[in-house]
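Down below is the structure, laid out as structure tokens.
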Amino acid sequence: MDTSKRFDKKEACPSIQCEANRAVLCNSCAQGVITAAHRVEMRPAEPCLFGKKGLCCRICNMGPCQIIEGVDAMQGVCGADAATVSARNFCRMVAGGASAHMDHGRGVVLAFLETARGETPYEIKDERKLQQTARRIGIDPTDKAKEDLAIEVGEKLLSEFGQQIGRISFTKRAPKPRQEIWETTGVMPRGVDREVVEIMHRTHIGVDQHHENLLLQAARCSLADGWGASMMATELSDIMFGTPVPIRTKVNIGVLKKDEVNITVHGHEPVLAEALAMAANDPEVIKEAKKVGAKGINLTGVCCTGNEILMRHGIPIAGSFIQQEVVLATGAVEAMVVDVQCIMQGVSPVAGMYHTELITTSERAKIPGATHIEFHEDRALEVAKEIVLRAIKRYPERGKYFIPVHQMDVVAGFSHETINYILGGRFRASYKPLNDNIINGRIKGVAAIVGCDNYRVKSEIQVELAKELIANNVLVLVTGCAATAMGRAGLLSPESMELAGDGLKEVLEAVGCPPVLHMGSCVDNSRILIAATQMVATGGLGQDISELPVAGCAPQWMSEKAISIGQYFVTSGVYVVFGPGFPTIGSTKTTEFCFKGMEKLFGGKWDVADGPNEFANKMIDHINQKRAALGLDKKKERILFDMAMRRELDTSAEHHEV
Ligand code: NFS
């Protein structure tokens with residue numbers, strides 16, 4: 014592919030979403046590099062319309078069948094119609110996305126057990142959270158040594174992956190009315206793996222052919238992700254590696270350093286990155302780096318592995334999903350170390366154009382052209398050191414390189430516990446100030462902007478959306494690559510509170526936090542579920558998540574994981590807006606069920622939007638509707654709480670630890 018002709022001028026340079034990307038790709042160091050930005054331009058303007066609308070069926074060999082709703086000649090050979098095919102495809106997206114989080118969660122639980130047995134270099138860092146977690150899953154922590162307790166907790170959670178009957182323990186953390194909804198609609202997840210297997214069975218040719226019934230299983234599977242595996246991953250990672258607290262750091266490609274060995278760690282699992290962080294700080298290893306003329310070792314993150322170590326150690330993020338190849342095109346990276354998920358195959362040829370070594374580490378994910386050094390927790394530090402030493406060896410081979418100036422200060426680390434503490438103070442951690450300010454109208458509501466970034470979106474929709482929301486006094490929570498995009502745009506620094514509306518600004522000034530709170534990686538969306546649950550438990554905003562003035566969105570989604578996440582928020586009672594496009598749009602029935610039918614069952618529903626204004630309007634309208642339903646739109650709101658009611662609220666909040 015000759016890209017030089019198409020992208021030789023600055024203004025035609027691709028990757029218009031991001032200035033840092035443009036600076037790198039337009040520099041002569043990146044001559045000849047082909048990235049996703051180029052490939053998306055080279056493809057036909059529109060992706061396959063059948064695929065895009067969820068109407069291509071290739072689950073058997075009578076097809077593939079391309080379906081057109083209502084056209085007899087364009088149904089499946091087996092007779093499957095648009096509703097069935099689109100629902101089946103949607104279910105398989107949920108299964109794909111959920112299984113990624115499930116395998117991640119399982120990996121964390123296994124590493125946790127090995128740690129409890131003293132077989133890894135990690136430790137049980139947050140003993141308090143260990144005890145809370147034990148209680149939440151029905152284990153009495155009294156008088157137990159932390160290692161023994163951790164083994165008990167780890168074994169119980171591990172057993173829930175293969176559990177066949179019963180329910181996943183963490184679902185008991187949800188508000189009571191929510192749990193009843195899950196029971197009565199038949200979507201309470203029985204075990205983690207079982208729900209994925211059942212999707213694969215039901216979507217095999219000739220099994221479940223009712224779109225609503227199919228989507229109920231998607232709902233059940235999504236809960237096994239959000240309230241199951243993802244929550245396990247978050248909680249046990251916190252116990253092992255530390256629960257995040259606010260921390261200052263930087264994001265964007267400019268965090269690469271010209272005189273240090275640059276190692277980027279890319280993917281999703283925190284275990285490898287934690288070991289690399291230890292190895293990069295080892296004085297012996299640093300001495301080796303100095304021997305080759307480097308001043309030190311600069312570890313940076315890409316994608317959600319980046320978010321994991323940013324949240325806990327303040328290690329800078331070099332890039333989000335759309336920046337992974339561009340980070341390498343600087344020519345300044347000695348090694349990119351990857352584990353699983355969201356790693357484009359395109360990184361391999363780009364690394365091959367420089368001195369960069371691409372290192373795969375998971376038995377589940379190998380890439381042609383990469384060196385494979387398998388990572389196992391019991392040899393974590395040994396493997397991590399080997400990787401760092403290899404990167405050091407590459408440093409003298411670095412040729413021409415270009416590191417853009419772009420980097421931005423951010424404050425991250427807003428775990429659910431941190432929000433509790435920041436709002437309520439050290440001795441009386443509580444969500445009450447948040448609820449009070451929502452009730453008195455200074456804060457209109459809370460919005461989550463989560464998920465990926467996507468080259469098919471030509472501008473940073475999510476950043477514009479966040480600005481619009483905070484200007485309208487909506488507090489914004491972010492995770493994943495959306496969080497990195499917010500960081501690049503400066504929205505994760507307390508200074509950006511200037512962009513907030515007056516009411517929100519007043520609250521932010523009092524507590525000193527940014528208007529956009531970075532809550533972690535994509536598995537950490539489970540923190541948002543818990544934050545919502547805590548808002549309910551704190552009182553004054555209804556009895557269930559579906560009554561809260563909140564909304565969620567993924568305005569630049571691309572992965573199946575995003576679909577699973579969106580579905581578990583819907584199943585948990587949240588209004589969720591996605592874009593660009595929605596994967597069932599080719600079937601009126603399936604889409605109606607997602608956009609309307611699900612609301613009748615779960616109180617939450619899907620929607621689709623395009624562009625920051627449409628997203629913002631839909632989300633703010635929804636928040637206002639919920640405020641009206643709670644009676645918060647009336648002016649008399651300030652006298653809603655007399656002392657007796659306050660006392661009652663206090664007690665209910667204290668007694669409900671989620
Ligand atoms: Ni989430 Fe994180 Fe990024 Fe999207 Fe991929 S890295 S798990 S899927 S692209 S946010």
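Residue numbers (the working numbering): 14 to 671. Glycine is no exception: its CB is placed at the ideal position from the N, C-alpha and C atoms. From a predicted model like this one, the values you see are computed outputs, not experimental measurements.
Query - Buried or exposed (CB count within 10 angstroms, at least 16 for buried), Gly-579 - result: The residue you call residue 579 lines up with position 566 of the sequence shown. Burial call: buried.
Requested in this report: Locate the beta strand (DSSP E) running through Gly-89, then write down its first and last residues.
Outcome: Along the sequence shown, one-based indexing puts residue 89 at 76. Per DSSP, Gly-89 belongs to no beta strand (DSSP E) and is neither H nor E.
Report task. Grab the span of the beta strand (DSSP E) containing Trp-195 for me, first residue to last. Result -> Numbered from 1 along the sequence shown, position 182 holds the residue referred to as residue 195. Counting along the chain, Trp-195 falls outside any beta strand (DSSP E), though it belongs to the alpha helix (DSSP H) covering 189–197.
Query raised in the report: Unbroken alpha helix (DSSP H) runs of length 4 or more, entirely within the region 464–495: which are they?
Result: 474–484
**Report entry** Ile-636 versus Ala-383, Pro-596, Ile-558, residue with shortest Cα-Cα distance
**Finding:** In the sequence shown, residue 636 corresponds to position 623, counting from 1. If we check each option's Cα against that of Ile-636, Ile-558 comes out closest.
Requested in this report: Please name the residue or residues paired with Trp-619 in a DSSP beta bridge.
Outcome: Residue mapping note: residue 619 aligns to position 606 of the sequence shown, counting from 1. Answer is Val-589, bridged to Trp-619.
Query raised in the report: Quick one: Cα of Gly-267 to Cα of His-429, how far?
Result: Position 254 of the sequence shown, counted from the first residue, corresponds to residue 267. Position 416 of the sequence shown, counted from the first residue, corresponds to residue 429. When rounded, the distance between both Cα atoms is 30 angstroms.
Report task. Give the range of the alpha helix (DSSP H) segment to which Val-114 is assigned. Result -> Taking the sequence shown and counting its residues from 1, one reaches residue 114 at position 101. The sequence shown places His at residue 114, not Val. Taken as a continuous stretch (DSSP letters only), the alpha helix (DSSP H) holding His-114 covers 95–129.
**Report entry** the ligand COA heavy atom lying under 7 angstroms from the CB of Gln-354
**Finding:** Judged by which ligands are present, the ligand COA is missing from the structure shown, whose ligands are the ligand NFS.
Report task. Report the partner residues of Leu-312 according to the DSSP bridge assignment. Result -> Locating residue 312 in the sequence shown gives position 299, where the first residue counts as 1. Ile-276, per the DSSP bridge assignment.
Query - For Arg-455, three-class secondary structure by DSSP - result: Residue numbering aside, residue 455 sits at position 442 when the sequence shown is read from its first letter. Coil at Arg-455, not helix or strand.
Query raised in the report: Since Asp-620 contacts Val-590 with CB under 8 angstroms, what's their CB separation in whole angstroms?
Result: In the sequence shown, residue 620 corresponds to position 607, counting from 1. In the sequence shown, residue 590 corresponds to position 577, counting from 1. Beta-carbon to beta-carbon, Asp-620 and Val-590 are separated by about 5 angstroms, close enough to satisfy the 8 angstroms threshold.
**Report entry** Distance between Gly-327 and Glu-287 (C-alpha atoms, nearest Å)
**Finding:** The sequence position of residue 287 within the sequence shown is 274, counting from 1. The sequence position of residue 327 within the sequence shown is 314, counting from 1. Rounded to whole angstroms, Glu-287 to Gly-327 spans 12 angstroms at the Cα level.
Query raised in the report: By the 10 Å Cβ neighbour count, where 16 or more other Cβ atoms means buried, how is Leu-490 classified, buried or exposed?
Result: Position 477 of the sequence shown holds residue 490. Answer is buried; the Cβ neighbour count reaches 16.
Report task. Quick one: residues in its chain with C-beta nearer than 6 angstroms to the C-beta of Arg-71, no 5 flanking neighbours on either side, listed in chain order? Result -> Working through the sequence shown from its first residue, we reach residue 71 at position 58. So the qualifying residues of the chain are Pro-77.
Report task. With a threshold of 7 angstroms, establish whether the CB of Phe-334 neighbours any heavy atom of the ligand NFS. Result -> As a first step, residue 334 must be located in the sequence shown, where it is residue number 321. At least one heavy atom of the ligand NFS is nearer than 7 angstroms to the Cβ of Phe-334, so yes.
Query raised in the report: What does Leu-269 pair with, by DSSP beta-bridge criteria?
Result: Reading the sequence shown from its first residue, position 256 is the one you call residue 269. According to DSSP, which records beta bridges pairwise, Leu-269 is partnered with nothing at all.
Query raised in the report: What residue from Leu-249, Asn-74, Arg-105 has the CA that sits closest to Cys-682's CA?
Result: Outside the shown range of the chain, which is 14 to 671, sits residue 682, and nothing can be said about it.
Query raised in the report: Say the cut is 7 angstroms; is the CB of Ala-575 nearer than that to a heavy atom of the ligand NFS?
Result: One-based indexing of the sequence shown puts residue 575 at position 562. Because some heavy atom of the ligand NFS lies under 7 angstroms away, the Cβ of Ala-575 counts as near it: yes.
Query raised in the report: Out of curiosity, what's the CA-to-CA distance linking Leu-643 and Glu-347?
Result: Here the question's residue 643 lines up with position 630 in the sequence shown. Here the question's residue 347 lines up with position 334 in the sequence shown. When rounded, the distance between both Cα atoms is 56 angstroms.
Query raised in the report: Are there 16 or more other CB atoms within 10 angstroms of the CB of Ser-112, so buried, or fewer, so exposed?
Result: Counting from one through the sequence shown, the residue named residue 112 turns up at place 99. Classification of Ser-112: buried, given that the 10 Å Cβ count is 16 or more.
Query raised in the report: Relative to the ligand NFS, is the shortest distance from any of its heavy atoms to the C-beta of His-223 smaller than 7 angstroms?
Result: In the sequence shown, residue 223 corresponds to position 210, counting from 1. Incorrect: His-223 has no Cβ contact closer than 7 angstroms to the ligand NFS.
Query raised in the report: For Ile-405 versus Val-315, is the C-beta distance shorter than 8 angstroms?
Result: The sequence position of residue 405 within the sequence shown is 392, counting from 1. The sequence position of residue 315 within the sequence shown is 302, counting from 1. Cβ distance not < 8 angstroms, so Ile-405 and Val-315 don't count as in contact.
Report task. Please go through the region 380–431 and give each complete alpha helix (DSSP H) segment of 4 or more residues, from N-terminal end onward. Result -> 393–407
Requested in this report: Tell me, to the nearest whole angstrom, how far the beta carbon of Thr-597 is from that of Ala-100; I am working on the premise that it is less than 8 angstroms.
Outcome: Position 584 of the sequence shown, counting from 1, holds the residue named residue 597. Position 87 of the sequence shown, counting from 1, holds the residue named residue 100. Indeed they touch by this definition, with Cβ atoms about 7 angstroms apart.
Report task. With a threshold of 7 angstroms, establish whether the CB of Cys-465 neighbours any heavy atom of the ligand NFS. Result -> Looking up residue 465 in the sequence shown gives position 452. Correct: Cys-465 has its Cβ closer than 7 angstroms to the ligand NFS.
Report task. Please confirm whether Val-264 and Val-423 have their CB atoms less than 8 angstroms apart. Result -> Translated into positions along the sequence shown, residue 264 becomes position 251. Translated into positions along the sequence shown, residue 423 becomes position 410. Cβ atoms of Val-264 and Val-423: closer than 8 angstroms.
Report task. From the DSSP output, in three-state form, read off Ser-443 for me. Result -> Locating residue 443 in the sequence shown gives position 430, counting from the first residue. In the structure shown, the three-state DSSP call for Ser-443 is coil.
Query - Cutoff 6 angstroms; reference Glu-160; Cβ partners in own chain excluding five residues on either side - result: As a first step, residue 160 must be located in the sequence shown, where it is residue number 147. Excluding residues within five positions, the ones whose Cβ falls inside 6 angstroms are Ala-129.
Query raised in the report: Taking the alpha-carbon positions, what's the Gln-44 to Glu-410 distance?
Result: Position 31 of the sequence shown, counted from the first residue, corresponds to residue 44. Position 397 of the sequence shown, counted from the first residue, corresponds to residue 410. Their backbone Cα atoms lie some 19 angstroms apart in a straight line.
**Report entry** Residues near Glu-650 in its chain [Cβ-Cβ closer than 7 angstroms; skip 5 each side]
**Finding:** The residue given as residue 650 occupies position 637 in the sequence shown. Caution is warranted here: a pLDDT of 46 is assigned to Glu-650, below 50, making its placement in the model unreliable, and the coordinate value is therefore given only provisionally. In chain order, Ile-452, Asn-453, Gly-454 place their CB closer than 7 angstroms to the CB of Glu-650, counting only its own chain and leaving out the 5 sequence neighbours on each side.
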